[in-house]
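See structure below.
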């Protein structure tokens, strides 16, 4: 992260110097499809992890990288930095393509106030950072890597073909850097690339060519030229989509920690037909940036509905800047909305190593999620002897927690709390934390560790941020007849916004967690083992599946609409929230519990899914419920039959084509227009216009206009019109 703001001084000199000392640890590479011109649909851009082993002046730490080819030129590695707003690319006449190729000086600016723009680290003076001219680039190519796993030399490991090409006219606004200063060394361009001996290594530590800003905020140069610029991701407009992007870099075992999530050995390598493969095989993008937000992608983060229609319920509000927008690379006068640098309403707390009362940031302290910071720099308001013996850095084994809050400071309902155990003076420094000593020093910068544990959504259109411990991807999967798509405890929590199709099924085994937000068309069975969790969220659906066998957790609390399944069996838990679950072809017994509220609890994060008034509809077949069911929205039998041997905490409505056989307990009443046979207990009122046989006990009053018989017990008032 680089900025002129004083608070940005949180990025320590060791971190900024790191930009010149990067070596690679990359996870996965590239997509295979190519998007040309202004994207007509969301695109997946590959990114990757790098490890910097440290030097005499820097500490070992991790980084995210991205390979970019400028105007048809070959891909070059850059630092991927959500704490920076500009794409600062050091001008190389040998690799910049088209009209930018082979120039003797850096290209001149083609935008107003875009000449001699400075973008500096923190509030350094003189400028420690980039100086250049803002140019309009018609095309940017994004490349994967030729290796998975460790990349020893990023510049030598760039794939030969771009996986994604973004084009724009007049072009994306890029800072063509002619001077870079860091660590007391100044480099000038293009002379760096033209002065013998050649070929010259990448300028920044021999590994990267600048910083690819990926911030959700537009910014101005440090030297105040009047220019307002922003990241390539913020500039991109995808017609028909909600404008914004998702950074998903939590799909592999945590490379920086053996105790912080995720630790699952197989990461996002799921089983498909019995064979291990990446869940992102269709896109090849992991880690990944998805540009352009579909309802399915939003559904992985937003628990109630699309933020544009719900006021962002369940999302973190961003502090927006209506007077500053991202440049529009397509020639329009209006660009995407912009947040402010520390405009994320995230409350940070520190819990002492031995437990005790947490220290919490005050309301309005602000935070920045910054993939370009190697460690964490926290608000000085957290500096307490209970978490820091010497008052500069946080003690080892202190727990850092982060939760999105509303403008009044209340935790956002349905949003996870992200937690991590901190280190002190450790190498790599990823989980180290210190306090901001600048002025005012109230904001917190949560560095790369946050992205290692969470997928992060930036909704520029609506002004909200979301995050989740699920690794979120829009990849589609075909599940074969030879075996199901299987997620288990060796996998990170996986959020699929792409469609699952095919004749096979879906299985979530013990320890696995899978969240589905697309309208899936697979026709095989859905199986949830004990200890497994399947969540349907957003506009998601599994209505085409032949049925759900649930011995774990089946959760629809984050769905935006009523859900339909064909059958329900098993002994697990079903959570409805405020939604209705319709069963269309019931067959078998569910002996578990059905309730309103649900939750996901996993390493590094937990989510509670609020909601009451969940309901069940039996629309066909015969469903037996033998467990203790506490959902409060009632049960409707519109077709088929319900056999109740357990209990219901709410009432039952039986339609003219439905039937109810109760030998258990119904706490609510029964409204019957069909057929009821009661040998159990009904506590509430009975309104009968159908056929009702009672050999059990009815404690409430009875109003009958139908057929009523049996030798059971009636305790309440009786009114007979039948």
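Numbering (my numbering), first residue to last: 169 to 890.
Where a beta carbon is used, it is the ideal one built from N, C-alpha and C, also for glycine.
None of the values given here were measured: they were computed from a predicted structure.
For residue i, three-class secondary structure by DSSP
{"i": "residue 483", "result": "coil"}
{"i": "residue 177", "result": "Here the model assigns residue 177 a pLDDT of 39, short of 50, so the residue's position is not dependable, and the following value carries that caveat. Reduced to three states, the DSSP call for residue 177 is helix."}
{"i": "residue 359", "result": "helix"}
{"i": "residue 589", "result": "strand"}
{"i": "residue 550", "result": "helix"}
{"i": "residue 306", "result": "strand"}
{"i": "residue 169", "result": "At residue 169 the pLDDT is 44, less than 50, meaning the model places this residue with poor confidence and gives no usable figure here."}
{"i": "residue 322", "result": "helix"}
{"i": "residue 386", "result": "coil"}
{"i": "residue 651", "result": "coil"}
{"i": "residue 632", "result": "strand"}
{"i": "residue 254", "result": "coil"}
{"i": "residue 392", "result": "coil"}
{"i": "residue 268", "result": "helix"}
{"i": "residue 456", "result": "strand"}
{"i": "residue 489", "result": "strand"}
{"i": "residue 811", "result": "strand"}
{"i": "residue 377", "result": "coil"}
{"i": "residue 195", "result": "Annotation note: pLDDT 36 at residue 195 (below 50); position unreliable, no value reported."}
{"i": "residue 897", "result": "Coverage of the chain is limited to positions 169 through 890, which leaves residue 897 absent and any answer about it impossible."}
{"i": "residue 799", "result": "coil"}
{"i": "residue 709", "result": "strand"}
{"i": "residue 597", "result": "coil"}
{"i": "residue 206", "result": "coil"}
{"i": "residue 422", "result": "coil"}
{"i": "residue 740", "result": "coil"}
{"i": "residue 701", "result": "strand"}
{"i": "residue 444", "result": "strand"}
CB of residue i within 8 Å of CB of residue j, strictly
{"i": "residue 511", "j": "residue 385", "result": "yes"}
{"i": "residue 368", "j": "residue 360", "result": "yes"}
{"i": "residue 311", "j": "residue 403", "result": "no"}
{"i": "residue 440", "j": "residue 645", "result": "yes"}
{"i": "residue 750", "j": "residue 785", "result": "yes"}
{"i": "residue 252", "j": "residue 452", "result": "no"}
{"i": "residue 729", "j": "residue 752", "result": "no"}
{"i": "residue 547", "j": "residue 634", "result": "no"}
{"i": "residue 615", "j": "residue 543", "result": "yes"}
{"i": "residue 229", "j": "residue 405", "result": "no"}
{"i": "residue 781", "j": "residue 808", "result": "no"}
Start-to-end residues for the beta strand (DSSP E) that takes in residue i
{"i": "residue 617", "result": "That residue, residue 617, is in no beta strand (DSSP E); its alpha helix (DSSP H) goes 616-621."}
{"i": "residue 758", "result": "754-758"}
{"i": "residue 477", "result": "From DSSP, residue 477 is part of no beta strand (DSSP E) but of the alpha helix (DSSP H) over 475-478."}
{"i": "residue 288", "result": "285-288"}
{"i": "residue 247", "result": "244-249"}
{"i": "residue 763", "result": "761-763"}
{"i": "residue 792", "result": "789-793"}
{"i": "residue 887", "result": "886-888"}
{"i": "residue 580", "result": "From DSSP, residue 580 is part of no beta strand (DSSP E); its letter is neither H nor E."}
{"i": "residue 872", "result": "870-872"}
{"i": "residue 514", "result": "514-519"}
{"i": "residue 748", "result": "748-751"}
{"i": "residue 213", "result": "211-214"}
{"i": "residue 237", "result": "229-238"}
{"i": "residue 818", "result": "That residue, residue 818, is in no beta strand (DSSP E); it is neither H nor E in DSSP."}
{"i": "residue 859", "result": "859-862"}
Residue interval of the alpha helix (DSSP H) (run including residue i)
{"i": "residue 143", "result": "Nothing can be reported for residue 143, as the shown portion of the chain is limited to 169 through 890."}
{"i": "residue 899", "result": "Any question about residue 899 goes unanswered here, given that the chain covers just 169 to 890."}
{"i": "residue 464", "result": "463-466"}
{"i": "residue 338", "result": "Not the alpha helix (DSSP H): residue 338 falls in the beta strand (DSSP E), residues 332-350."}
Whole-angstrom C-beta distance between residue j and residue i, which should lie under 8 Å
{"i": "residue 457", "j": "residue 401", "result": "7 Å"}
{"i": "residue 818", "j": "residue 836", "result": "4 Å"}
{"i": "residue 725", "j": "residue 765", "result": "7 Å"}
{"i": "residue 575", "j": "residue 485", "result": "6 Å"}
Query raised in the report: Should the segment 620-629 be called in touch with the segment 665-672, which here means at least 3 C-beta pairs below 8 Å?
Result: no
**Report entry** Inter-stretch contact at 8 Å, needing at least 3 Cβ pairs: the segment 681-698 / the segment 711-722
**Finding:** yes
Query raised in the report: Pairing CB atoms from the segment 421-435 with CB atoms from the segment 260-267, are three or more of them under 8 Å?
Result: no
**Report entry** Contact between the segment 541-561 and the segment 511-526 (3+ Cβ pairs under 8 Å)
**Finding:** yes
Query raised in the report: Do the segment 230-249 and the segment 346-355 meet, that is, are 3 or more Cβ pairs less than 8 Å apart?
Result: no
Query raised in the report: Between the segment 698-712 and the segment 460-476, do at least 3 Cβ pairs fall closer than 8 Å?
Result: yes
Report task. Flag this pair as touching only if the segment 501-510 and the segment 561-570 have three or more C-beta atom pairs under 8 Å; answer yes or no. Result -> no
Query raised in the report: Does the segment 845-855 touch the segment 866-876, meaning 3 or more C-beta pairs lie closer than 8 Å?
Result: yes
Requested in this report: Count the C-beta pairs between the segment 295-309 and the segment 225-241 that are closer than 8 Å, then say yes if the count reaches three, no if not.
Outcome: yes
Query raised in the report: Touching or not, the segment 435-449 and the segment 593-601, by the rule of three or more beta carbon pairs under 8 Å?
Result: no
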